[in-house]
Amino acid sequence: MMAARVYLDWNATAPLRKSAGQAACEALDCVGNPSSAHQEGRQARAIVEKARRQVANLCGVEPDRLVFTSGATEAASLLLADRDLKSAPVEHPAVLAWTKSCLPVDSTGHISVSNPNESTVQIANSETGRLQQLTDGIRVTDATQALGKIDVKAEIAAADYAFVSGHKIGAPKGVGAVICNSIGELRAQLQGGGQEFNRRAGTENLPGIAGFGAAAEEALGELNSGRWEEVESLRNKLDNMLKEAAQDITIYAEYEQRLPNTTCFTTPGWKGVTQVMVMDLHGFAVSAGAACSSGKLRSRNALHAMGVSSDLADCALRLSIGPSTSLNELENFVVQWSRLRHAIGSG
């Protein structure tokens, strides 16, 4: 009998929550267009506005400040295109595509910002989990990785604009949002029917939005109940087990503020892409970096920016866990990883 697979790649996408899947399925049965005035349209509109309140509550903003999009990439484009903002090389490619990557990053992953109003700074790095303390007046912040894992209300409030993604918190893929703390300068890139307060035209993705709302409500409950403190404790046990298994290991941002679920590490002599494939064959889903394109196995922007050599960065592996991860799963991972490392990697 084949052993159950172990999913340790929550930063790429969180497993779909049952509540989110149920909400999305129920929305599929709603026949109306949210822009229609009849009863069916009003029922669809009610689903959108309920979800808007749920996501806004998680973000700590008023519902009318939140604009639904097809995901974080579209949201980033909506906010960053033609703005000539500065960023750091640790940012997600969806941000780097529109910005001047010139903000300095030190060896701990800290980003230095001299002019907040001309800068975009992420709250959390997807590769290392490194957290940034945002300066008031930051123009745009990427809250995608931090949402649902830590309380982001203060960081989002510090920025003029923020953007988030549904599938990072267990919603269906293909839905995200822009948060507008600054009103008046956001111009719609998609022109048409004037949906989403005239900031994002196009009929709303009703099932995706409904699922996003349900996931946000459940995520807020987890934060309030201390569930992610439990995840952090489990992550710390993982770190300790890895250090016991490999004396030459480096865990990045180990002594800095980082996401409670993320461990990014290197051990010389075993390429990260090889580790991903080998561990996959043995039932573990892990990553060598950010999942930014189809089939991509690695993305080392953060490590390079932190001054890690290319040879060592090539050996990076990222583990990201969640509330359903068990200690037994992590213990099994470390045992298998250590055994295979000595058999295939540096051994």
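Residues 5 to 351, numbered by the working numbering, are exactly what the sequence shown covers, in order.
The C-beta atom is built at its ideal place from N, Cα and C for all residues, glycine as well.
- Contact between I51 and L242 does not hold, since their C-beta atoms are separated by about 39 Å, which reaches or exceeds 8 Å.
- Across the structure, G152 and E221 are spaced so that their CA atoms are roughly 10 Å apart.
- Here R9 carries a coil assignment [DSSP, helix/strand/coil].
- With a cutoff of 8 Å on beta-carbon distance, V235 and P264 are scored as near each other.
- Taking a C-beta distance under 8 Å as the contact criterion, A320 and A292 qualify as a contact pair.
- A residue is called buried when at least 16 other Cβ atoms come within 10 angstroms of its Cβ; N129 meets this threshold and is buried.
- Residues of the same chain with a CB within less than 8 Å of the CB of R239, apart from the 5 flanking positions on each side, are P264, N265, T266, T267, I325 in chain order.
- Under the criterion of beta carbons closer than 8 Å, A27 and A223 do not qualify as touching, at roughly 13 Å.
- Contact annotation, A162 with D146: C-beta distance approximately 13 Å; criterion of less than 8 Å not satisfied.
- In this structure, the CA atom of I154 is about 10 Å from the CA atom of I127.
- G180 is positioned such that its CB atom lies closer than 8 Å to that of F167.
- Assignment of beta-bridge partners to Y165 by DSSP yields V144, C184.
- K172 sits buried, since 16 or more C-beta atoms from the chains shown fall within 10 Å of its C-beta.
- L331 and K247 have their C-alpha atoms roughly 16 Å apart.
- When the Cα atoms are used, Q136 and H114 turn out to be separated by approximately 7 Å.
- The C-beta distance from T112 to V144 rounds to 23 Å, too long to fall under 8 Å, and the pair is not in contact.
- Looking at N305, P19, A79, the one whose alpha-carbon comes closest to that of S169 is A79.
- Ranked by Cα distance from V94, the first of D86, P38, T103, R87 is T103.
- According to the DSSP secondary-structure assignment, K104 is paired through a beta bridge with K90.
- A buried status is given to D164, since no fewer than 16 other beta-carbon atoms sit within 10 Å of its beta-carbon.
- In the DSSP annotation of this structure, C319 is not part of any alpha helix (DSSP H), being labelled neither H nor E.
- Sixteen is the threshold: since fewer than 16 other Cβ atoms of the shown chains lie within 10 Å of the Cβ of P97, the residue is exposed.
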